[in-house]
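If you count the sequence shown from 1, position 718 lands on 718 in the UniProt record's numbering, and the numbers rise without skipping.
Even for Gly, the Cβ is constructed at its ideal location relative to N, Cα and C.
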Amino acid sequence: VNKHKPWIETTYHGIVTENDNTVLLDPPLIALDKDAPLRFAGEICGFKIHGQNVPFEAVVVDKSTGEGIIRSKEKLDCELQKDYTFTIQAYDCGKGPDGANAKKSHKATVHIQVNDVNEYAPVFKEKSYKATVIEGKRYDSILKVEAVDADCSPQFSQICSYEIVTPDVPFAIDKDGYIKNTEKLNYGKEHQYKLTVTAYDCGKKRAAEDVLVKISIKPTCKPGWQGWSKRIEYEPGTGSLALFPSMRLETCDEPITSIQATVELETDHIGKGCDRDTYSEKSLHRLCGASSGTAELLPPPSSAANWTIGLPTDNGHDSDQVFEFNGTQAVKIPDGVVTINLKEPFMISVWMRHGPGTKEKETILCNSDKTDMNRHHYTLYVHNCRLVFLFRQDPSEGKTYKPAEFHWKLNQVCDKDWHHYVLNVEFPAVTLYVDGVSYDPFPVTEDYPLHPSKIETQLVVGACWQEYTGNENDNETVPETSAGCWSGELRMAQFFRGNLAGLMIRSGKLENKKVIDCLYTCKEGLDLQMADGVGKGVKIHMNPSQSTLTLEGDDIDRVDKAMQHVSYLNSRQFPTPGIRRLKITTVVNCFNEEACVSIPSVEGYVMVLQPEEPKISLSGINHFARSASEFESSEGVALFPELRIISTITREVEPEGDGGEDPTVQESLVSEEIMHNLDTCEVTVLGEELNQEQESLEIDMTRLQQKGIEMSSSNLGMIITGVDTMASYEEVLHLIRYRNWHTISLFDRKFKLVCSELNGRYVSNEFKVEVNVIHTANPVEHANHIAAQPQFVHPVHHTFVDLSGHNLANPHPFSVVPSTATVVIVVCVSFLVFMIILGVFRIRAAHQRTMRDQDTGKENEMDWDDSALTITVNPMETYEDQHSSEEEEEEEEEESEDGEEDDITSAESESSEEEEGEQEEDQQNVNRQQQLEWDDSTLSY
1 VNKHKPWIET TYHGIVTEND NTVLLDPPLI ALDKDAPLRF AGEICGFKIH GQNVPFEAVV
61 VDKSTGEGII RSKEKLDCEL QKDYTFTIQA YDCGKGPDGA NAKKSHKATV HIQVNDVNEY
121 APVFKEKSYK ATVIEGKRYD SILKVEAVDA DCSPQFSQIC SYEIVTPDVP FAIDKDGYIK
181 NTEKLNYGKE HQYKLTVTAY DCGKKRAAED VLVKISIKPT CKPGWQGWSK RIEYEPGTGS
241 LALFPSMRLE TCDEPITSIQ ATVELETDHI GKGCDRDTYS EKSLHRLCGA SSGTAELLPP
301 PSSAANWTIG LPTDNGHDSD QVFEFNGTQA VKIPDGVVTI NLKEPFMISV WMRHGPGTKE
361 KETILCNSDK TDMNRHHYTL YVHNCRLVFL FRQDPSEGKT YKPAEFHWKL NQVCDKDWHH
421 YVLNVEFPAV TLYVDGVSYD PFPVTEDYPL HPSKIETQLV VGACWQEYTG NENDNETVPE
481 TSAGCWSGEL RMAQFFRGNL AGLMIRSGKL ENKKVIDCLY TCKEGLDLQM ADGVGKGVKI
541 HMNPSQSTLT LEGDDIDRVD KAMQHVSYLN SRQFPTPGIR RLKITTVVNC FNEEACVSIP
601 SVEGYVMVLQ PEEPKISLSG INHFARSASE FESSEGVALF PELRIISTIT REVEPEGDGG
661 EDPTVQESLV SEEIMHNLDT CEVTVLGEEL NQEQESLEID MTRLQQKGIE MSSSNLGMII
721 TGVDTMASYE EVLHLIRYRN WHTISLFDRK FKLVCSELNG RYVSNEFKVE VNVIHTANPV
781 EHANHIAAQP QFVHPVHHTF VDLSGHNLAN PHPFSVVPST ATVVIVVCVS FLVFMIILGV
841 FRIRAAHQRT MRDQDTGKEN EMDWDDSALT ITVNPMETYE DQHSSEEEEE EEEEESEDGE
901 EDDITSAESE SSEEEEGEQE EDQQNVNRQQ QLEWDDSTLS Y
């Protein structure tokens with residue numbers, strides 16, 4: 001009998017994993033029945049689930065024990081439903097197999113949770129992210145990226161971390177997806193960063209697709225000049241070069257009332273403060289229009305001016321020559337170099353660089369007593385950063401006080417920079433010009449005139465010459481003991497410490513302001529060239545040396561346009577290469593002065609490139625001969641009659657077309673002729689010095705003075721100085737003539753010519769000339785077809801030498817009329833030559849017939865027998881020119897190939913050179929013919 005109902009727990013909790021169907025219940029599903037162990041009544045036949053759309057079913061595993069399970073009828077998806085609640089009821093098998101009268105248990109509640117599987121990857125909410133930041137700032141958060149996960153559980157649906165995949169970027173991201181920068185960003189370094197970011201859920205599953213993040217950098221508005229280059233290259237000879245063609249001023253929208261911009265060009269390290277022509281100071285004075293008669297006290301060392309040889313110099317020719325005085329050196333100026341009448345106006349000019357000095361006097365120029373006393377007649381010296389000029393009057397002025405010492409307190413004297421000083425003395429007025437600016441002396445002290453004496457004076461540069469003897473002197477200057485005294489004697493004092501150059505002195509005329517400005521003016525500087533209307537509303541200020549340019553205006557655009565036209569100009573053909581530094585300082589005024597922007601300074605430099613070095617070439621006739629009478633004449637012999645001076649530079653030319661990209665194609669070199677000036681040509685005697693008693697080098701001084709070129713000569717040669725064109729120097733060198741009025745023992749003279757430009761910076765080749773003296777009693781016109789028409793001689797290195805060693809090319813072909821005796825000699829010699837030729841021809845004809853009859857085996861014997869042939873040279877040939885052998889070979893090729901040609905030409909040359917009578921000439925030729933006939937007989941046929 002089925003008396004009892006099945007019994008189950010009142011509540012069950014179950015867990016099922018999605019994508020699985022078995023539910024784990026707690027407690028297990030077991031139904032109990034008190035009717036057990038009766039069959040059917042005590043057995044559990046099933047479980048019934050109550051609820052709508054419940055995707056589960058309960059299944060009996062064991063009827064006798066009442067064990068059952070709950071399983072899903074379909075695939076579960078946690079993302080659709082995370083849990084389920086329903087009721088379950090157990091029922092037994094009833095009274096029989098048919099289940100009749102089955103009893104049911106109470107209903108129990110079942111709670112089932114669906115466990116999640118990490119099947120979904122994180123997905124970002126946006127396809128890409130963008131953000132903009134300002135450079136120079138650190139951000140806590142620039143932007144946030146966010147990813148989601150479709151999984152249902154907190155473990156798999158939550159994003160646990162984010163990661164920036166892009167390496168080496170100044171950004172970081174936290175677990176919540178916030179991106180920040182790790183350092184200050186710079187717009188100049190990077191305009192925009194592109195980052196790749198990924199995400200991970202708490203199950204370590206990575207996002208299916210990474211996301212792109214773009215972070216743009218916005219530049220901070222920095223007030224200042226923009227669009228300029230730090231290095232600017234200047235090609236010599238290209239004229240004016242714009243320095244800032246794209247420059248503009250950024251003020252960050254700040255309302256500006258006025259702008260002042262100053263451009264400075266620093267050239268203190270170039271030459272004496274800037275690039276100037278590096279000719280000698282004397283040449284520069286002439287170019288600037290200074291009066292003649294200027295004496296140069298510190299000339300470059302040369303044979304004519306050798307008193308500066310012992311002074312240290314700058315060892316270079318890119319700039320003009322500078323002499324260093326270290327407190328132990330001084331030079332005595334030779335007598336006669338300077339002739340000054342102190343009663344007339346005179347001028348002293350010098351370039352000087354001097355640092356902070358000592359308390360002692362440092363003498364630049366001193367004219368003092370040579371012996372007995374220490375009186376200083378006039379002296380220019382430095383003392384305690386003062387420039388002092390001492391000028392004592394002559395005794396004839398009377399014993400009354402006169403201005404004697406003029407002082408100038410100047411910062412330029414001790415600032416270690418180069419400055420140009422010009423002293424105009426027109427007693428009692430003395431005016432000093434420093435860098436073109438005039439200064440009046442203060443104070444001026446007075447003194448008595450000098451005592452009358454007949455003592456000669458000594459002019460010294462770099463110290464003062466004095467001899468302390470205890471006698472009364474008008475200048476109580478005690479000599480200083482110094483290891484650097486002149487020649488080891490205590491005669492030099494007040495040594496100068498610094499650098500000097502271009503020390504000049506001239507008597508009779510003062511230097512005018514125009515010449516002073518010309519001497520100081522730089523050949524390089526800033527320039528501003530604007531079209532009409534471009535610079536409207538902008539004030540322009542330029543200093544005299546063109547090293548500082550100031551622009552003032554109230555409109556930014558107009559100031560920008562004016563600045564874009566600022567340029568650098570170097571007018572020298574061969575400028576000094578190197579760096580010229582640039583600096584721009586700017587001051588702006590605003591409506592609100594407290595918030596006004598500050599414009600930082602701009603610094604750059606102009607790189608002046610190395611100019612193409614010119615090659616100066618001297619060419620012409622370098623070997624010729626003239627008769628002794630021409631050397632002894634009043635006109636002499638022109639040394640360089642057909643001299644040519646050319647100058648060339650070599651340029652690299654890039655290949656045209658696509659060849660420039662081909663590494664195998666090389667650049668070609670092209671030589672190009674250029675024109676420039678020369679400032680010195682020196683003619684030097686090779687060998688013994690000139691003997692002034694019997695020879696000299698002369699030139700037409702009138703023609704020289706017309707060109708403004710000067711000449712100095714000595715026993716060593718001649719020096720021509722002055723800046724002029726190469727064509728003018730050609731004309732001048734054509735005028736140089738060599739005279740020798742004692743040519744008896746003279747056979748040749750050699751000379752060397754060298755020209756230079758820019759005070760020796762560019763030097764020509766050494767052009768050597770050799771002249772031979774032809775000793776003849778009665779000079780006769782030589783019938784040489786080469787010399788007969790000198791207008792066809794090409795002006796290159798040809799040597800006109802005949803076979804006897806002398807050139808008979810007469811520059812005046814019809815100036816000599818042949819005498820009767822000469823005509824007779826020529827006729828006789830011609831007949832003799834004809835007989836010799838006839839005899840030789842017959843001998844050779846017989847000799848050739850014999851050779852044809854002999855077999856080839858005896859040809860070697862003939863070769864050996866020919867060695868017995870003897871050719872006797874005429875003993876009357878007393879002089880053989882060292883270059884005649886080459887000319888003889890050329891003459892032989894032109895006439896014939898006969899071996900006896902030497903005898904014929906020797907006979908011809910003897911007829912025009914030997915100082916013998918007609919009978920001696922005939923006898924000599926007869927003897928020679930006999931010798932030739934005797935020698936020919938020794939041949940074996």
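- Excluding sequence positions up to five before and after residue 552, its CB lies within less than 6 Å of the CB of 260, 539, all in the same chain and listed in chain order.
- Shown here, residue 692 sits in coil according to DSSP, grouped into three states, outside any helix or strand.
- Under DSSP, residue 681 forms a beta bridge with 720, 755.
- Under the three-pair Cβ rule at 8 Å, the segment 68-85 does not count as touching the segment 125-134.
- When secondary structure is reduced to three states using DSSP, residue 164 falls in the strand class.
- Here residue 649 is near residue 613, since their CB atoms are less than 9 Å apart.
- Taking the C-beta atoms as reference points, residue 618 is found no nearer than 9 Å to residue 279.
- Under DSSP, the beta-bridge partners assigned to residue 171 are 181.
- The segment 402-418 makes contact with the segment 344-361: 3 or more CB pairs, one atom from each, lie closer than 8 Å.
- Shown here, residue 701 sits in a helix according to DSSP, grouped into three states.
- Taking the C-beta atoms as reference points, residue 569 is found nearer than 9 Å to residue 526.
- A check of alpha carbon separations from residue 283 across 328, 681, 709, 623 identifies 709 as the nearest.
- Nearest to residue 53 by alpha-carbon distance, out of 444, 38, 84, is 84.
- DSSP places residue 25 in the strand class (E or B) of the three-state scheme.
- In the structure shown, residue 574 falls within a coil segment according to DSSP collapsed to helix, strand and coil.
- DSSP, read as helix, strand or coil, puts residue 93 in coil.
- With respect to residue 288, residue 514 sits close: the two C-beta atoms are nearer than 9 Å.
- When secondary structure is reduced to three states using DSSP, residue 835 falls in the helix class.
- The straight-line gap separating the alpha-carbon atoms of residue 389 and residue 728 is approximately 41 Å.
- Residues 267, 417, 418 of the same chain have their beta carbon placed closer than 7 Å to that of residue 273, with the five preceding and five following residues left out of the count.
- In this structure, the CA atom of residue 400 is about 8 Å from the CA atom of residue 447.
- Membership of residue 651 in the beta strand (DSSP E) is indicated by the continuous run 644-653.
- Here the alpha carbons of residue 686 and residue 371 stand approximately 40 Å from one another.
- In this structure, residue 182 sits near residue 170, with a CB-CB distance shorter than 9 Å.
- In terms of Cβ geometry, residue 8 and residue 88 form a close pair [threshold 9 Å].
- For residue 269, there is no enclosing beta strand (DSSP E), as DSSP marks it with neither H nor E.
- Residue 562 sits in a helix when the DSSP states are folded into three classes.
- Collapsing the DSSP output to three states places residue 277 in coil.
- Taking a C-beta distance under 9 Å as the contact criterion, residue 522 and residue 492 do not qualify as a contact pair.
- Counting the other CB atoms within 10 Å of its CB gives residue 122 a total of 16 or more, which places it among the buried residues.
- Leaving aside the five residues that flank residue 766 on each side, the residues in its chain whose CB is nearer than 6 Å to its CB run, in chain order, 752, 754.
- By the neighbour-count criterion, in which a residue is buried when 16 or more other Cβ atoms sit within 10 angstroms of its Cβ, residue 334 is exposed.
- Taking C-beta atoms under 8 Å as the contact rule, residue 577 and residue 610 qualify, at a distance of about 4 Å.
- Taking 9 Å as the cut-off, the beta carbon of residue 637 is found no closer than this to the beta carbon of residue 516.
- Around the beta carbon of residue 836, a 10 Å sphere encloses 16 or more other beta carbons of the protein chains shown; the residue is thus reported as buried.
- Within the DSSP secondary-structure output, residue 403 pairs in a beta bridge with 446.
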